[in-house]
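Written out below as structure tokens is the structure these notes cover.
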Amino acid sequence: MNKVAEINPTGAEIQLPDTMPHSIEAEQQLLGAILTNNEIYDRVAS
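For the sequence shown, the residue numbers in this note's numbering are 524 to 569.
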């Protein structure tokens, strides 16, 4: 079986931000590009 590597080997608690970074305009542009040209999805997903 594979051994799982620890991401946080120090054991310190990781503080996550209250809200994740986001941009409504960027999401709209990305969705519009994917709807216009499906091949864009492959470029974005990689």
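Glycine included, each C-beta is placed from N, C-alpha and C at the ideal position.
Note that the structure is a prediction, hence the values are computed from the model and not measured.
Exercise for the section: Could you pull out every residue in the same chain whose Cβ sits closer than 7 Å to the Cβ of Q538, ignoring the five residues on either side in sequence? Expected result: none
Handout entry: Same chain only: Cβ atoms within 8 Å of N531, ignoring 5 sequence neighbours per side
Key = I537
Problem - For A549 and N561, the rounded distance between their alpha carbons - result: 17 Å
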